[in-house]
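Mind the numbering: the sequence shown is residues 738 to 1174 in the working numbering, read in order.
Every residue, glycine too, gets a C-beta built ideally from N, C-alpha and C.
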Amino acid sequence: MSDIPRITIDQCGSHAGETVEIAGWLYNLRKSGKIIFPLIRDGRGIIQCVGLKNSLPEDLFNALKDLTQESSVIVRGKIRAEQRAPGGYELDLESAEIVQRVPESHPYPITPKDHGIEFLMDHRHLWLRSRRQHAILRVRHEIIKAIRDYFDSNGFTLVDTPIFTPAACEGTTTLFEVNYFDEEKVYLTQSGQLYNEATALAFGKTYCFGPTFRAEKSKTRRHLTEFWMVEPEMAYATLEDVKNVAEGLICFVVQRVLENRKNDLTDLERDTGKLESIKPPFPRISYDQAVEILHRKGSQIEWGGDFGGTDETLLSEEFDRPVMVDRYPSQVKAFYFQPDPDRPEVALGVDVLASEGYGEIVGGGQRIHDLALLEKRLEEHNLPREAFDWYLDLRRFGSVPHAGFGMGVERCVAWLCGIEHIRETIAFPRMLYRTRP
Ligand code: 4AD
Ligand code: MG
């Protein structure tokens, strides 16, 4: 169409003084008489253009002057360094092409005024274009990339696990059932862990990374029914290894986000000072100590119960970085946890609670490696033997102590972005009362 190079807004820095083309959408428009200031976004950034009536063809100037929000437009002009501009650059308009004009009769529904959350969630497919959502999802991308880099450079092999599964991993109460062929029932996976145990015994150290599902009727700011989880698993490993790897992973991810997503964190008004202090070692306490702290802080929790969201928040207030709580009562944990040999009523498991009240981001621990004990647990939990037969094989053929954990991506995103609710941490959230758009 033209010899003018097409660039994206984040590349403006290396094109100052040059005439370029940017393809995007109209984010906002200011005008005053003979001059217009279209604000263009292209998914990589936002740039203010300056259009003078005197230097543009009359019909183009008039068309741009009345251009509607989110109309798609290709602009051409010279990039000029401008200290006062948010991104540091402006574009002096030379020409433009309107690709689709949003009609006045049916304007873009999300305007700069305040909208209610339900309205915004109903328009999630468009809301993703706004600055805040954009920043959150870029931080999410960074987190996911950092997670993969961490495991890939520490000897883990990625082996993804199935989503249709015949058995429960985290308990039968939160399973989504799916009709498979010939009246067979399968479930959407709650966790890839059981399969990870097989792959860890095959590869040594593995991880899976994908969507997981929980039919949880919780309507909290921390729960989704579909969320992404990364799950490492290690053969010849114990609870202590889980703590060390989780600590290493979290510090690595936080560091990456601070290094690479500063602008997005600024857009989100995140207090990054709080993230700078996320350094090893994380405090490590036992469930018993956690209960003591909670009692001191006025909680009614009784020994043996699981922590609720409020308890987790109270606990995290005590520390300036994530806290690791180990040895929960076995009765509140899944069937596969190895009991503490010195105190069989507690499990060799650990939860990592994020700082600033963001709740549990990591759960994991050491798995039962003894065949007889695992068979006993399956029975106690009323789980169907047949569905777990292959899993029991892992205890028949070269069983070893092994351990792993799961980290929820969305909770990490909420925490690092410092946002209130998990619903904004994934492009199209699935929650108790939301499966659309
Ligand atoms: O503690 P959970 O249930 O652990 C497991 O599923 C283990 N099988 C993982 C393993 O050892 N391989 O879940 C792990 C993490 C939680 O700490 C939390 O971050 C996240 O997954 N999570 C959720 N995130 C959003 N919405 C929900 N409903 C979540 N449930 C768990
Ligand atoms: Mg958990």
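Self-check item: D1107 vs R1132 beta-carbon contact at 8 Å
Solution: As a first step, residue 1107 must be located in the sequence shown, where it is residue number 370. As a first step, residue 1132 must be located in the sequence shown, where it is residue number 395. Yes, the Cβ-Cβ distance between D1107 and R1132 is below 8 Å.
Quiz prompt | Own chain, CB closer than 6 Å to F798, minus 5 neighbours either side, in chain order | solution = Translated into positions along the sequence shown, residue 798 becomes position 61. Here the set comprises K790.
Practice problem: For D859, verify whether its CB is less than 7 Å away from any heavy atom of the ligand MG. | Solution: Translated into positions along the sequence shown, residue 859 becomes position 122. D859: no, Cβ never under 7 Å from the ligand MG.
Exercise. Would you be able to state if there are at least three C-beta pairs under 8 Å between the region 1121-1141 and the region 917-927?
Key: Taking a cut-off of 8 Å on C-beta distances, the region 917-927 does not touch the region 1121-1141, as fewer than three cross pairs fall below it.
Exercise. For F856, count neighbouring Cβ atoms within 10 angstroms of its own Cβ and tell me buried if that reaches 16, exposed if not.
Key: Taking the first residue of the sequence shown as 1, we reach residue 856 at position 119. Classification of F856: exposed, given that the 10 Å Cβ count is below 16.
Self-check item: Secondary structure of N891, DSSP reduced to three states
Solution: What you label residue 891 is simply residue 154 of the sequence shown in a count that begins at 1. DSSP places N891 in coil when its eight states are reduced to three.
Quiz item: So A983 and V1099 are in contact, right, with Cβ under 8 Å, and what is the actual spacing, rounded?
Solution: Here residue 983 refers to the residue found at position 246 of the sequence shown. Here residue 1099 refers to the residue found at position 362 of the sequence shown. Correct: roughly 5 Å between the Cβ atoms.
Exercise. Output the distance between the C-alpha atoms of Y1024 and L895, rounded to the nearest integer angstrom.
Key: Within the sequence shown, residue 1024 is the residue found at index 287, counting from 1. Within the sequence shown, residue 895 is the residue found at index 158, counting from 1. About 32 Å.
Practice problem: Report the partner residues of Y944 according to the DSSP bridge assignment. | Solution: By 1-based counting over the sequence shown, the position of residue 944 is 207. In the DSSP output, where bridge partners are listed per residue, Y944 has L895, P969.
Exercise. For D1057, name the three-state secondary structure that DSSP assigns.
Key: For the purposes of this step, residue 1057 is identified with residue 320 of the sequence shown, where counting begins at 1. D1057: coil per DSSP, three-state reduction.
Practice problem: Figure out for me which residue from E1093, G1094, E1039 has the closest Cα to the Cα of V1069. | Solution: Residue mapping note: residue 1069 aligns to position 332 of the sequence shown, counting from 1. Of the candidates E1093, G1094, E1039, the one whose C-alpha sits nearest the C-alpha of V1069 is E1039.
Practice problem: Determine, using beta-carbon pairs with one atom in the region 1001-1017 and one in the region 880-893, whether at least three such pairs fall under 8 Å. | Solution: no
Quiz item: Hey, is the region 899-914 in contact with the region 882-891, meaning 3+ C-beta pairs nearer than 8 Å?
Solution: no
Self-check item: Separation of A1027 from S1067, as counted between CA atoms
Solution: Start at 1 with the first residue of the sequence shown, and residue 1067 comes out as number 330. Start at 1 with the first residue of the sequence shown, and residue 1027 comes out as number 290. Going from the Cα of S1067 to the Cα of A1027 covers about 16 Å.
Quiz item: Measuring CB to CB, does L830 end up less than 8 Å from V787?
Solution: Looking up residue 830 in the sequence shown gives position 93. Looking up residue 787 in the sequence shown gives position 50. Yes.
Exercise. Using three-state DSSP, classify K768 as helix, strand or coil.
Key: One-based indexing of the sequence shown puts residue 768 at position 31. Strand.
Quiz item: What's the C-alpha gap between R1033 and R993?
Solution: Against the sequence shown, residue 1033 aligns to sequence position 296. Against the sequence shown, residue 993 aligns to sequence position 256. Near 36 Å, if we compare the C-alpha coordinates of R993 and R1033.
Practice problem: Kindly identify the DSSP beta-bridge partner or partners of E827. | Solution: Taking the sequence shown and counting its residues from 1, one reaches residue 827 at position 90. Partner(s): Q785, R817.
Self-check item: In DSSP terms, what H1139 is bridged to
Solution: Taking the first residue of the sequence shown as position 1, residue 1139 is located at position 402. Paired residue(s): A972.
Exercise. Select from F1134, A818, I835 the residue whose C-alpha is nearest the C-alpha of Q806.
Key: Numbered from its first residue, the sequence shown carries residue 806 at position 69. Closest option to Q806, Cα to Cα, is I835.
Quiz prompt | Among Q1075, D1001, R1173, T898, the one whose alpha carbon lies nearest that of G782 | solution = Position 45 of the sequence shown, counting from 1, holds the residue named residue 782. From the listed residues Q1075, D1001, R1173, T898, the smallest Cα separation to G782 is found for D1001.
Self-check item: Contact under 8 Å by Cβ, E1049 with E1093
Solution: Counted from its first residue, the sequence shown places residue 1049 at position 312. Counted from its first residue, the sequence shown places residue 1093 at position 356. Not in contact: E1049 and E1093 (Cβ atoms no closer than 8 Å).
Self-check item: First and last residue of the uninterrupted beta strand (DSSP E) at A733
Solution: What is shown of the chain runs 738 to 1174, which leaves residue 733 out entirely.
Exercise. Pull up the distance between the alpha-carbon of M971 and that of A1151, whole angstroms please.
Key: Taking the sequence shown and counting its residues from 1, the one referred to as residue 971 is at position 234. Taking the sequence shown and counting its residues from 1, the one referred to as residue 1151 is at position 414. About 28 Å.
Self-check item: CB contact flag (F1172, I873, <8 Å)
Solution: Residue 1172 sits at position 435 when you count from the first residue of the sequence shown. Residue 873 sits at position 136 when you count from the first residue of the sequence shown. A small fix is needed here, since residue 1172 is Thr in this sequence, not Phe. At the C-beta level, T1172 and I873 stay beyond 8 Å of one another.
Quiz item: Where does I1098 sit, in a helix, a strand or coil, going by DSSP?
Solution: As a working note, residue 1098 is residue 361 in the sequence shown. Reduced to three states, the DSSP call for I1098 is strand.
Exercise. With hydrogens ignored, establish whether the beta-carbon of Q927 is closer than 7 Å to any heavy atom of the ligand 4AD.
Key: As a working note, residue 927 is residue 190 in the sequence shown. True, at least one ligand heavy atom lies under 7 Å from that Cβ.
Self-check item: beta strand (DSSP E) segment containing E914, residue limits
Solution: Taking the first residue of the sequence shown as position 1, residue 914 is located at position 177. First-last of the beta strand (DSSP E) with E914: 914-916.
Self-check item: Endpoints, alpha helix (DSSP H) assigned at K1011
Solution: For this step, residue 1011 is matched to residue 274 along the sequence shown. Note, K1011: alpha helix (DSSP H), 1009-1013.
Quiz item: Would a C-beta distance cut-off of 8 Å place N933 and T943 closer than the cut-off?
Solution: Taking the first residue of the sequence shown as 1, we reach residue 933 at position 196. Taking the first residue of the sequence shown as 1, we reach residue 943 at position 206. A contact, by the Cβ cut-off of 8 Å.
Quiz item: Who pairs with M1144 in a beta bridge, going by DSSP?
Solution: For this step, residue 1144 is matched to residue 407 along the sequence shown. According to DSSP, M1144 bridges with V967, V1099.
Quiz item: Among all residues, which have a Cβ less than 6 Å from at least one non-hydrogen atom of the ligand MG, and in what chain order do they fall?
Solution: D1088, E1097, G1100
Self-check item: Member of L863, L1129, E841, R1058 whose CA lies at the smallest distance from the CA of K1220
Solution: What the structure shows of the chain is the stretch from 738 to 1174, and residue 1220 is not part of that stretch, so it cannot be assessed.
Quiz item: Within 10 angstroms of its Cβ, does E1117 collect 16 or more other Cβ (buried), or is it exposed?
Solution: The count along the sequence shown starts at 1 and reaches residue 1117 at position 380. Classification of E1117: exposed, given that the 10 Å Cβ count is below 16.
Quiz item: Excluding the five sequence neighbours on either side, which residues of its own chain have a C-beta within less than 6 Å of the C-beta of V1089, listed in chain order?
Solution: Translated into positions along the sequence shown, residue 1089 becomes position 352. So the list reads A983, P1059, M1061, I1098, V1099, once near-sequence residues are dropped.
Practice problem: Answer yes or no: the CB of R1148 versus the heavy atoms of the ligand 4AD, is any distance below 7 Å? | Solution: Locating residue 1148 in the sequence shown gives position 411, counting from the first residue. The answer is yes for R1148.
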